[in-house]
Every structure is written in C-alpha cells, then in structure tokens.
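With the numbering used here, you'll find the sequence shown wraps up at 340, consecutive numbering, no jumps.
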Amino acid sequence: MDMTDRPPWLQAPLQRAVAALATGRLAHGLLVCGAEHIGKRAFAAALAGAVLCRQRVDGAACGRCRDCVLVAAGTHPDLRTLSYAESEKTGVLRKEIVIEQVRELAAWLTLTAQRGGALVAIIDPATAMNHHAANALLKALEEPLPGRYLLLLCVAPAQLPATIRSRCQRIVLQPPPTAEALAWLRRRGHAETTAAAALAAARGHPGLAAHWLDSGLIELRQGVHADLAAIVQGRSSPLEVAAQWLGDDRAGERLQFAAEHAVERAAIALAATTGAARSASGDADKLATWFAAANRTRELLRTPIRGDLALAGLLREWRLAMAG
Ligand SMILES: [Zn+2]
Numbered sequence: 017m018d019m020t021d022r023p024p025w026l027q028a029p030l031q032r033a034v035a036a037l038a039t040g041r042l043a044h045g046l047l048v049c050g051a052e053h054i055g056k057r058a059f060a061a062a063l064a065g066a067v068l069c070r071q072r073v074d075g076a077a078c079g080r081c082r083d084c085v086l087v088a089a090g091t092h093p094d095l096r097t098l099s100y101a102e103s104e105k106t107g108v109l110r111k112e113i114v115i116e117q118v119r120e121l122a123a124w125l126t127l128t129a130q131r132g133g134a135l136v137a138i139i140d141p142a143t144a145m146n147h148h149a150a151n152a153l154l155k156a157l158e159e160p161l162p163g164r165y166l167l168l169l170c171v172a173p174a175q176l177p178a179t180i181r182s183r184c185q186r187i188v189l190q191p192p193p194t195a196e197a198l199a200w201l202r203r204r205g206h207a208e209t210t211a212a213a214a215l216a217a218a219r220g221h222p223g224l225a226a227h228w229l230d231s232g233l234i235e236l237r238q239g240v241h242a243d244l245a246a247i248v249q250g251r252s253s254p255l256e257v258a259a260q261w262l263g264d265d266r267a268g269e270r271l272q273f274a275a276e277h278a279v280e281r282a283a284i285a286l287a288a289t290t291g292a293a294r295s296a297s298g299d300a301d302k303l304a305t306w307f308a309a310a311n312r313t314r315e316l317l318r319t320p321i322r323g324d325l326a327l328a329g330l331l332r333e334w335r336l337a338m339a340g
C-alpha cells in the first residue's frame, strides 16, 4: 500500500494523531499496532509526513513542499526507518533488530535536524528488537528531546517489553465496517462475490483480503482446504498432497493456511460445545495440537531437512484428528 492509495480506514486515526500534533499532545513514543496488512506503514508514513511538513493543511502534510517531496521520495534526511539489516560480518539479513542499530538510531535522535524541523524514527517491526536492543531503546523513550518522534510498528504489542509499552502512546488501527471494506475492494477492481469471499476469509480485514487476492493466495488457500478435505475423505493420500504442496516454493504459505484452518475448525467445534457435548472440546484440543504441529513443520521446512516426510506425517495426523 503506497501513500497515494492510503486506505480510508486510516483517515480517522490519522486525523486524531495530527490533531494531537497540532496541539502539542502527540507523544514522543508512539506504538502503532494493528493486524498484518492493515496499513501500519502507510499510517506511519502519513504521520511522519505531517510531522515533517511545515505548511500543513488542516493538520495533514501539504504534499507539495520540499519536506513533503523528500518524504514521498524516501530521501528526507530527518526521517529514518529501522528494520532488519544485513550483518556486517556475514552479509546475511539478520532475523532481529540488534542493539548496535538502536544505539545508532538513538544517537541520531540527539542530533540537530538537517532541515531544521523535527526528527522522526520508525521501527518496523518493533517486535523484531531483541532484548538488548529494546533495553537500548528505553533510554531514548525515557529522555525524549523536543521535536523527536519514535513510531514503533507492531502486530502484537504484548510481545514488546512492558517497559517499552508503558512509555508509548498506543494507536490501534482497526478494519472498517464490512460495507466500507467491500466498497474499497470493489474500487480496487475485484468482483463483488470474490471480494466478499476474500473479506470473509480474512475475517473482515480488507488489506489482508486485497493482499490475498492480488497475490493469488486466495486460490492457494482454497486449494489447501480442498486438499485437507480430500485427505479426510480418503480421496488423496497424505504423501501425494505433501509432494504437491512441496512442488513449488509456497509450502510455507500453504501450511500457514492449513494451521489457520485448524483454528477455524476448533472454533466451530467449541461453538458447538454444550454442557453434555464433551467430545467437541476434545476435537478442539486435537485441532489445537495439530495447529502447533503445523507451525513446527513450517519452521522445519526452512531448514534443509527432508520436508516431504515431515509434511506427510503432519497430514496423516490431520486425518486422525478429523476422524474423531
Ligand atoms: Zn508539506
């Protein structure tokens, strides 16, 4: 999602944030949270733009001044984004944000802004900071300088240390009502029925639905559900399906959909549980166990291990879990 196509459901939280900025109530540390593909980056970019623009229109970035042009080009000297970086030793992309990165960012935040305005730092995703990195960030949050803003993006704020959370103002991005979400998907060129199906599958999250539709993931997800049903009905063998799932580079995505499917089935089983129907909660337990196994298998597939046997084993367990 780029800035020119900012999702409409970001508008209200953005207006609240720029109103706080205009009246000097915007916190120096902001925790921008929301589900995958809700638009956290677009929100942070728009808010950073508003902070750095000095010819704001109704509190928002004007979109025309030199600061706005630099923000849009990704070259504003007073805006920095911290994310996964390559290790200097190995050249490999690290799986976490490390203390050196945070220290450098904290030092940068004490400098004078090159364009004389504010300094904005975005950490994306904030939950990628390891323990030491998060501790190093605390200092910057505890002793904020005027005109310095730290935007921490994350899906699950509970995964951040409480010390970080307590020092940030929280902005929670939420999906719009269904009608609005559908209208947005329609404007992106998706047919009504396809859009509605994808939106339901994405539990009302239009950004996620759009991602699934645009990347062909919705077909992939439907295929996974069909394969799992075929295994239960004995129309396909776990080994066949495992080989098929490993036939391209999308096995990880398929397993994620399979794991989510287990959660959905468990929710249905639990909803059906009445006082006497203990078996339904037993089904939910089996599905929860399978969910954990699916996630473990997904991790395994990232290693050079024989994935086909692990996956076939998992799919056999699916048949057992669903047999009860
Ligand atoms: Zn501007």
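Cβ atoms here follow ideal geometry from the backbone N, Cα and C, with glycine treated the same way.
In the three-state scheme derived from DSSP, where H, G and I count as helix and E and B as strand, leucine 198 is classed as helix. According to the DSSP assignment, threonine 179 belongs to the alpha helix (DSSP H) that extends over 178 to 181. Counting only residues of its own chain and dropping the five nearest sequence neighbours on each side, arginine 119 has a CB closer than 6 angstroms to the CB of Ala152. Within the segment 95 to 140, the complete beta strand (DSSP E) segments at least 3 residues long are 95 to 98 and 135 to 139, listed from N- to C-terminus.
Put simply, of Arg270, Val257, Glu208 and Arg70 the residue whose alpha carbon is nearest the alpha carbon of glycine 163 is Arg70. The secondary-structure analysis by DSSP pairs cysteine 49 across a beta bridge with Cys170 and Val188. Just so you know, the alpha carbons of leucine 26 and leucine 189 end up roughly 7 angstroms apart. Closer than 7 angstroms to some heavy atom of ligand 1: that describes the Cβ of alanine 77.
Relative to ligand 1, the beta carbon of arginine 80 is positioned inside 7 angstroms of a heavy atom.
Listed in chain order, the non-local C-beta contacts of glutamate 333 below 8 angstroms within the same chain comprise Trp306 and Ala309, local neighbours out to five positions each way being set aside.
Beyond the five residues adjoining it in sequence on each side, cysteine 170 comes within less than 6 angstroms, by CB distance, of Cys49, Pro141, Ala142 and Thr143 in the same chain, given in chain order. Within the segment 249 to 309, the complete alpha helix (DSSP H) segments of 4 residues or longer fall at 254 to 261 and 267 to 287, listed in chain order. If you check the C-beta of aspartate 83 against ligand 1, you find a heavy atom less than 7 angstroms away. Ranking Ile115, Ala137, Ala36 and Ile113 by CA distance to the CA of tryptophan 124 puts Ala137 first. Proximity of the beta carbon of glutamine 249 to ligand 1 is not indicated: no heavy atom of the ligand is located closer than 7 angstroms.
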